[in-house]
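A.B. asks: One structure follows; several queries about it will come next.
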Amino acid sequence: MTDAGHRRTVALLGAALVATPVLLGVAYAAAGAVGMTGVAATGFSLGRLSHVLAEHTVWRSVFWSIVVAAVATALSVTAAACAATMFSGRRIVDRIARALAVAPLAVPYVVAGALGLLILGQSGFLARLAYAWGFIASPNDMPAVVYDTRGVGVILTLAWKEFPFLALVAFSLIAARGAALEETAHTLGAGRWATLSRVTWPLLWRGLLPAATAVFIFSMGNYEAAALLAPSDPLPLPMLTLERYDALELSQRTDAYVLTLLGLLIAIVAVGVHEWTRRRAELIDR
Amino acid sequence: MDTPTCGAHRPVTLPRGPRKSPSYRRTDLARYVGLAALTIAAIGPLLLLMVWSASREWFFPALLPQRWSVDGWQWLFQGGERIAVAVRNSVLLGIADGVIGCAIAFPIGRAMSRLTGWRRYAAAAAVFSPVAAPPIALGIGLQYFLLRIGVGGSVVGVLLAHLVPTVGYLSLFFLSVFVAFDRRVEDEARTLGASSRQVLFRITLPMMRRQLMEAVAIGFLISWAQYALTLTVGGGAVHTLPLEVFSYMRAGSGNYAASAALVMIVPPLLALAAARYAAGRTVVSPV
Amino acid sequence: MTWFMWRGDPSINRYVDEWVAPRLKRDADITLNPVDAQGPSILSQLAVERQARSGAGTADLVWINGETFYNLRKSGLLYGPWSGRLPNARYVDSTSTIVSRDFGQLPAGYESPWGTVQFALIYDTARTPRPPRSVAELSSWIHTHPGRFTYDQSFTGVTFMKVLMYALDGGVEHFEGPFDETRYREGSDKVWQWLADVRPYLWRNGQTYPDGVADLHRLFANREIDFSMSNNQNDVVTKVRQGILPATSRPLLLQNGTIANTHYLGIAFNAPHPAGAMVVANFLLSPAAQLEKQKPEVWADGTVLAMSRLPDTWAARFRALVADPLALSRDSLSKYARPEVAPQYSERLQRDWRVRIRTTAHK
């Protein structure tokens, strides 16, 4: 084998090594889903697997988790793009704005969830402000944004959590290439709006897509923020998985394996999409 | 003496981004509104946490706590044996995962940077998968294997579990580092007769000091924030800060949860500040 | 020595971390390591460990009762028998049906009693000066106060459903003895009917339910709902002191009867330190530990010891415990106390509730 070929194999093996735990997890969950292993192992049977896959509740959970994460990501991408175009300069205001935008990166999901509850709850801080200003008379009058079936509180909290990461990427994009391109556009006579729509936004859009896919995946799979703010029905997928895993009846454990398998497979597909968007972003670069 | 005419009066300014025209003034208002929003979004929650951690009774509709107390902080520093264990575990796990993850991911990222075309994307997808996997699913999947090798429910088991997403993320990090890295220095050293090992230890690694530190910091932060993975693999026996914050939130002890949460924010903030400082020394600074 | 226990209550945590643990360390050189785990997750953890044949387990002592005990015993996940061997076991009030039976089952030495509690609702005298006193009155109260009542998804909510079941279908005597599917069907149907009837008037129109009793307390304290509940009638006492519940909260027993039960300690089948676990269980059963636990400022948890079996000095100290003004009188407690019945009732209620009531898909 040539030296380059040797290096290639090593590289691919290394990458495969990193992915092994996921494959092991998929194998175990698959085996558990058909009853071959796991605490409720009763021997090979597709019964429970087909039961779970046909369960309305399960698909509602999957759908809910996906939609909530998608809306949150859409919101935060828009906000990040706006922030990047608004504060692209080098003046002190711009720098402060950029630092503030990125600062909440330090807050982990569990703390974000706790804050969401504290601020957005019907008896939360916003509600208390509304009460003080006479808008509401009791917590019931406050629009229900946590524990609601639409998951508005979860969406807002996830968007708040995703925003710093996307803003960081957006700022990098503008800093690396934006300024030069914008200058070029100006010298060619383009007005502000034209620059924005023809030059800056496409640049941001393509560059943010991989990062947006990544935060979408993280938000969809997150347990703790959802657990603090989500309704009891539909239950977000991570919560449903843990609930079945811990069920007193060990037979419900098999359901948990099916849901685990589902979660891992969705993640693998999402990773594929992520790589595809990266490829597109890099092709545009050239 | 006559004062100099026109041009000399105007202060000389270096080009600073887009030039101002009348339409720009309208956007100034938007910028200040945006700045206000960013400030509230960043500082507001922090202030609330601080107030909450110093509260004892804070029911609707009170805007400020009805009863204040330092319980939340006292417990953190003296009473809480358990919280001390949680902080210790989180810190040790973070450092260990950061260092070990960096050590493993460095060669992998480097090797991956030599790949081209579809192979590189495939490899990137492979190393990203442990990061993308929902932690609860990953935890359930791994728990069995970790129990089999006898580390289930122990700090070592949690360390290994955290290593999985950490190595994945850091491999991607080193991939981008090495893609941007100028190989010519290495090549020159080799033509001058240095062995691969010498090149690595005397040229590459020293040049990458900043990136190595960043990698350890990133690895630390990934482990620091893990919840579901620690919960499943640790079997509840391994206490870490995120678990404490969650369980105190659930138990209704808001002030304990808030002070633990503030502790949780400190290392990431430090890491962010350090990264900004380091990045500020290079030409292109995103912040 | 690792102890799997519910860590959702700060007063219990404080008692264990700050009173029990230092004494164990000092007197028996045992380092206590409490771990947050409730019934289902204890079962889960032990089952996985058995499946993986992982040698020594993680848990030594486990805090359990009812359906958890039942399932652990059924799967052979408990060590024992051992509880009769404890020196302090002679003080236990074994004549009481509440203590000697765990959800109708015999502990048979596989678990040692620790404390007793009784289910009670919690209300705020400032908001609800005249609370409902029975299940029927509760139903009409809910109808006249929409959006101000709910129940949780965890064990407190299940206990509430059991209270409903006894009240609506012939009292606890009807359900005593081994689990009976027909009686369960009839009883639970009445419960579903009652719940469906009040559902539109519950908090959030009964579309979503709080996860556990702590969330319920938080909603109650912050005026989102007007009632909370607890498996421990003295929760009010401890939580008002901690600032978790408002000072005007009071416990409330329903005249149809509320459930009193005992909670126990078990030892895991693969415990690394079974002897140490027994020492801890014995210590927790000692008059000193039981007295401390019963103090209103500590936990206010009922004792499992019989006053008649204790030496006089100890019995006197128990009697001298000043009852907290917020607590209910012993008489009303025993008048309305009802024992638990077979654990399958609890399991089925919770499972069927999730399918019938929590899922809004079919509506």
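Residue numbers (my numbering), protein chains in the order written: chain H, 1324 to 1609; chain S, 2 to 288; chain Z, 489 to 851. Beta carbons are placed, not taken as given, at the ideal position from N, Cα and C, and that holds for glycine. Note that the coordinates shown come from a computational prediction; the quantities given were computed from them, not determined experimentally.
(1) State the beta-bridge partners of Z/N521 as determined by DSSP.
(2) Classify S/Y33 as buried or exposed, calling it buried when 16 or more other Cβ atoms lie within 10 Å of its own Cβ.
(3) Tell me, please, whether the CB atom of Z/Y697 is closer than 9 Å to any CB atom in chain H?
(4) Taking Cβ-Cβ distances shorter than 8 Å, what residues in chain H pair up with S/W53?
(5) Within 10 angstroms of its Cβ, does S/W119 collect 16 or more other Cβ (buried), or is it exposed?
(6) Which residues, in order along the stretch 137-161 of chain S, keep a beta-carbon less than 7 Å from a beta-carbon of chain Z?
(7) Which chain H residues are close to S/F129, counting only those with a beta carbon under 7 Å from its beta carbon?
(8) Do H/L1582 and the ligand FMN come close, with the Cβ less than 8 Å from some heavy atom?
(9) Suppose you measure from the CA of Z/L854 to the CA of Z/H662; what does that come to, to the nearest Å?
(10) Under the DSSP definition of a beta bridge, which residues are partnered with Z/F715?
(11) Compute the Euclidean distance between the alpha carbons of H/A1327 and S/L201, then round it to the nearest angstrom.
(12) Given a limit of 8 Å on CB to CB distance, which residues of the stretch 1448-1459 of chain H reach chain S?
(13) With 8 Å as the limit, tell me which residues of the stretch 1458-1474 of chain H have their beta carbon closer than that to any beta carbon of chain Z; keep them in chain order.
(14) I need the straight-line Cα distance from S/A97 to S/G220, nearest angstrom please.
(15) Under 8 Å Cβ-Cβ, which residues of chain H neighbour Z/E674?
(16) Which full runs of the alpha helix (DSSP H) of 4+ residues lie inside the stretch 1475-1543 of chain H, going along the chain?
(17) Straight-line CA distance for Z/R514 to Z/V504?
(18) Just to confirm my understanding: we take H/A1402, look at its own chain, exclude 5 residues before and 5 after, and list those with CB closer than 7 Å. What are they?
(19) Note down, in chain order, every chain Z residue with its Cβ under 7 Å from the Cβ of S/A238.
(20) Could you confirm whether any beta carbon from chain S is found closer than 9 Å to the beta carbon of H/G1337?
(21) What residues are listed by DSSP as bridge partners for S/I137?
(22) Quick one: what's got a C-beta closer than 8 Å to S/R198's C-beta in the same chain, skipping five residues either side?
(23) Under the three-state reduction of DSSP, which class applies to H/A1467: helix, strand or coil?
(24) Does any residue of chain H have a CB that is nearer than 9 Å to the CB of S/R32?
(25) Does any C-beta atom of chain S lie closer than 9 Å to the C-beta of Z/K851?
(26) Is DSSP giving Z/V550 helix, strand or coil here?
(27) Is any beta-carbon of chain Z found at less than 9 Å from that of S/A229?
(28) Specify, as a first and last residue, the run of the beta strand (DSSP E) that Z/E599 falls within.
(29) Report the option in S/R277, S/A252, S/V156, S/P268 whose CA atom is closest to the CA atom of S/A226.
(30) The stretch 1388-1422 of chain H: which residues have C-beta closer than 8 Å to a C-beta of chain S, in chain order?
(31) So what does Z/P739 bridge to, in DSSP terms?
(32) Report buried or exposed for S/A272, applying the criterion of at least 16 other Cβ atoms within 10 angstroms of its Cβ.
(33) Provide the residue(s) that pair with Z/Q593 in DSSP beta bridges, ordered along the chain.
(34) Counting only Cβ-Cβ distances shorter than 9 Å, please list the residues of the stretch 1347-1380 of chain H near chain S, keeping chain order.
(35) Can you give the Cα-Cα distance for Z/A765 and S/V246, rounded to whole angstroms?
(36) At which residues does the alpha helix (DSSP H) containing Z/Y752 begin and terminate?
C.D. replies: According to the data block:
(1) Here residue 521 of chain Z corresponds to residue number 33 of the third sequence, with the count starting at 1. Z/T490, per the DSSP bridge assignment.
(2) Along the second sequence, read from residue 1 onward, the residue named residue 33 of chain S stands at position 32. It is exposed - the Cβ of S/Y33 has fewer than 16 other Cβ atoms within 10 Å.
(3) Position 209 of the third sequence, counting from 1, holds the residue named residue 697 of chain Z. Closer than 9 Å to some Cβ of chain H, the Cβ of Z/Y697 qualifies, so yes.
(4) For the purposes of this step, residue 53 of chain S is identified with residue 52 of the second sequence, where counting begins at 1. Those are L1441, listed as they occur along chain H.
(5) Position 118 of the second sequence, counting from 1, holds the residue named residue 119 of chain S. Label assigned to S/W119: exposed.
(6) Q144, Y145, L148, R149, G151, G153, G154
(7) On the second sequence, position 128 is the one that residue 129 of chain S refers to. What S/F129 touches in chain H: V1594, H1597.
(8) Among the components modelled here there is no ligand, and therefore nothing to report on the ligand FMN.
(9) No statement about residue 854 of chain Z is possible, as the shown extent of chain Z runs from 489 to 851 and does not include it.
(10) Mapped onto the third sequence, residue 715 of chain Z falls at position 227. Z/Y611.
(11) Within the first sequence, residue 1327 of chain H is the residue found at index 4, counting from 1. Within the second sequence, residue 201 of chain S is the residue found at index 200, counting from 1. One C-alpha to the other measures close to 18 Å.
(12) F1448, A1450, R1451, L1452, Y1454, A1455
(13) S1461, P1462, N1463, A1467, Y1470, D1471, T1472
(14) Counting from one through the second sequence, the residue named residue 97 of chain S turns up at place 96. Counting from one through the second sequence, the residue named residue 220 of chain S turns up at place 219. Rounded to the nearest angstrom, the two C-alpha atoms are 9 Å apart.
(15) For the purposes of this step, residue 674 of chain Z is taken as residue 186 along the third sequence, with counting starting at 1. Simply none; closest approach about 22 Å.
(16) 1475-1496, 1502-1510, 1515-1518
(17) Within the third sequence, numbered from 1, the residue matching residue 514 of chain Z stands at position 26. Within the third sequence, numbered from 1, the residue matching residue 504 of chain Z stands at position 16. Looking at the two C-alpha atoms, the distance is approximately 14 Å.
(18) For the purposes of this step, residue 1402 of chain H is identified with residue 79 of the first sequence, where counting begins at 1. So the qualifying residues of the chain are F1486.
(19) As a working note, residue 238 of chain S is residue 237 in the second sequence. Within 7 Å Cβ-Cβ: T490, V523, T546.
(20) In the first sequence, residue 1337 of chain H corresponds to position 14, counting from 1. So yes, H/G1337 belongs to the interface.
(21) The residue given as residue 137 of chain S occupies position 136 in the second sequence. DSSP lists no partner for S/I137.
(22) As a working note, residue 198 of chain S is residue 197 in the second sequence. Nothing listed; no residue qualifies.
(23) Counted from its first residue, the first sequence places residue 1467 of chain H at position 144. In the structure shown, H/A1467 sits in coil (DSSP, three-state: anything other than H, G, I, E or B).
(24) On the second sequence, position 31 is the one that residue 32 of chain S refers to. Yes, because at least one Cβ of chain H sits closer than 9 Å to the Cβ of S/R32.
(25) Reading the third sequence from its first residue, position 363 is the one you call residue 851 of chain Z. Here the model assigns Z/K851 a pLDDT of 37, short of 50, so the residue's position is not dependable and the matter cannot be decided.
(26) Against the third sequence, residue 550 of chain Z aligns to sequence position 62. Strand.
(27) Within the second sequence, numbered from 1, the residue matching residue 229 of chain S stands at position 228. S/A229 does not count as touching chain Z.
(28) Sequence index remark: in the third sequence, residue 599 of chain Z carries index 111 (1-based). Looking at the DSSP string, the run of the beta strand (DSSP E) that includes Z/E599 is 599-606.
(29) If you number the second sequence from 1, residue 226 of chain S lands on position 225. Out of S/R277, S/A252, S/V156, S/P268, S/P268 has the C-alpha closest to the C-alpha of S/A226.
(30) C1405, A1406, M1409, F1410, S1411, G1412, R1413, R1414, V1416, R1418, I1419, A1420, R1421, A1422
(31) Position 251 of the third sequence, counting from 1, holds the residue named residue 739 of chain Z. DSSP, once it has assigned bridges, lists Z/I610 as partnering Z/P739.
(32) For the purposes of this step, residue 272 of chain S is taken as residue 271 along the second sequence, with counting starting at 1. By the 10 Å Cβ count, S/A272 comes out buried.
(33) Here residue 593 of chain Z refers to the residue found at position 105 of the third sequence. Paired residues: Z/D590.
(34) L1347, G1348, V1349, A1350, Y1351, A1352, G1355, T1360, G1361
(35) Position 277 of the third sequence, counted from the start, is the residue given in the question as residue 765 of chain Z. Position 245 of the second sequence, counted from the start, is the residue given in the question as residue 246 of chain S. In a straight line, the C-alpha of Z/A765 is about 28 Å away from that of S/V246.
(36) As a working mapping, residue 752 of chain Z is identified with position 264 in the third sequence. Premise fails: Z/Y752 lies in the beta strand (DSSP E), 746-755, not in any alpha helix (DSSP H).
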